[in-house]
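Numbering (our numbering), first residue to last: 79 to 153. From the three backbone atoms N, C-alpha and C, an ideal C-beta is built for every residue, glycine too. The structure displayed is predicted, hence computed values, not measured ones.
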Amino acid sequence: SGVPVNPEKIKIHIGDQMVCRGAVACTFDQNAAHEELSKPECRVSVQLGTGKASIDFLTTDLSAEYVRVNAEYST
C-alpha cells in the first residue's frame, strides 16, 4: 500500500493476551494462547499503530493436516 509502518508501534494479541509489542515477543501464557487458537473461532488482533481505520476478516485453518487433506484430491 505504500503506507510506512513503524515496527515499534505494532501490537499483536491472541485473544486478550498481548504476545508481541514493538517487534518483540512478550511474556505470555503459552497454554492459554494455544487454548485460544484451538477454538473453532478465535481472535487475533494486529494493531499497526498507523491510524484509526480497522478491518475484520475471516480466515481458515492452514495446518499441515488441512494442506495434506486438500492436496490429496488436487494432485
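Neighbour-count burial assignment, residue i, 16 or more Cβ in a 10 Å radius
i	result
His112	exposed
Ile133	exposed
Supposed contact pair residue j and residue i - C-beta distance, whole angstroms, cut 8 Å
i	j	result
Ala101	Pro82	Not really, about 14 Å apart at Cβ, beyond 8 Å.
Ile88	Leu126	6 Å
Any chain C beta carbon closer than 8 Å to residue i
i	result
Ser132	You won't find chain C in this structure, because it holds only one protein chain.
Where residue i falls: helix, strand or coil (DSSP)
i	result
Val122	strand
Val147	helix
Lys117	coil
Lys87	helix
Ala103	strand
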